[in-house]
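Trainee: If you number the sequence shown the way my numbering does, the last residue is 192 and the count never jumps. We put the beta carbon where it would ideally sit given N, CA and C, even for glycine.
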Amino acid sequence: MKTFKKILLLFTIGIALMGCSTLRTSSDYDKNVDLSAFKTYNFYDKGLEKLRLNNLDKRRLMAAVESEMNAKGFTKAEKPDMLVNLVVVARERQDIYGGGMYGGWGWGWGGWGNPFWGGPNYINQYSEGTFIIDFLDPAKKILFWHGRGAGFNLDSFSKREERMQEGVKEILAQYPSIGVTAATK
8 MKTFKKILLL
18 FTIGIALMGC
28 STLRTSSDYD
38 KNVDLSAFKT
48 YNFYDKGLEK
58 LRLNNLDKRR
68 LMAAVESEMN
78 AKGFTKAEKP
88 DMLVNLVVVA
98 RERQDIYGGG
108 MYGGWGWGWG
118 GWGNPFWGGP
128 NYINQYSEGT
138 FIIDFLDPAK
148 KILFWHGRGA
158 GFNLDSFSKR
168 EERMQEGVKE
178 ILAQYPSIGV
188 TAATK
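#1: Express the C-alpha separation of LEU55 and TYR129 in angstroms, rounding to a whole number.
#2: Report the start-end ranges of each beta strand (DSSP E) in the stretch 38–113 that is 3 residues or longer and not cut off at the edges.
#3: From which residue to which residue does the beta strand (DSSP E) around LEU179 run?
#4: Could you please give me the residues that DSSP links to LEU161 through a beta bridge?
#5: Nearest to TRP140 by CA position, among VAL40, ASP88, SER134, GLY174, is which residue?
#6: Give the straight-line distance between the Cα atoms of SER163 and GLU135, rounded to the nearest whole angstrom.
#7: Note down the Cα distance separating LEU68 from ALA97, rounded to an integer number of angstroms.
#8: If you run the structure through DSSP and keep just helix, strand and coil, what is TYR129?
#9: Using three-state DSSP, classify THR137 as helix, strand or coil.
#10: Is DSSP giving SER184 helix, strand or coil here?
#11: Find out if the Cβ-Cβ distance for the pair PHE142, ASN92 is shorter than 9 Å.
#12: Tell me which same chain residues have a C-beta within less than 6 Å of the C-beta of PRO145, skipping the five on either side of it?
#13: Rounded to whole angstroms, what is the Cα-Cα separation between ARG59 and ASN49?
#14: For THR32, list the residues DSSP reports as bridge partners.
#15: Measuring straight from C-alpha to C-alpha, what distance separates LEU30 and LYS86?
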């Protein structure tokens, strides 16, 4: 019975953690901008200077963006059509998982009920990050696309590079198809 209780507790914690691990993405863009005009990109240097990540993660994030941009058909260039600005915003999170049921219903202390309800609480504290990817038009000095992914656990080093790659892929998947213009909307 003790083994069953432990398995039930681990299963409950696992389900709760899986629900917290997905990235919540959203995006917006200027519908009056001809997105098909943008074919080359590079990173916005001033944005990279302000990026609040260690150098390892900064390089990982940039590599993930480069990989996805190239997969979408963009080319990195010295004099690009668009600049990619990266921002990471962090906030402290605390998830509390309450004790579960450790027994069945029956006769317990003080009468009929569940004498085994409750148990210890488990607290998971971590820094949750939101990745923001903005596309800027350097000629017009305007922002024309904004994408973000919230829910990245910045304190977890488990498969960090893969999670960054997948997060960037999810965010950039929201970029409208090439050839979308104000006239086709």
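Mentor: Put simply:
#1: 37 Å
#2: 47–50, 89–104
#3: Note, LEU179: premise wrong, no beta strand (DSSP E); alpha helix (DSSP H) at 167–179.
#4: Bridge partners of LEU161: none, in fact.
#5: This sequence places Ile at residue 140; Trp is not what is there. Answer by Cα proximity: GLY174.
#6: 10 Å
#7: 15 Å
#8: strand
#9: strand
#10: coil
#11: yes
#12: LEU90
#13: 19 Å
#14: GLY156
#15: 32 Å
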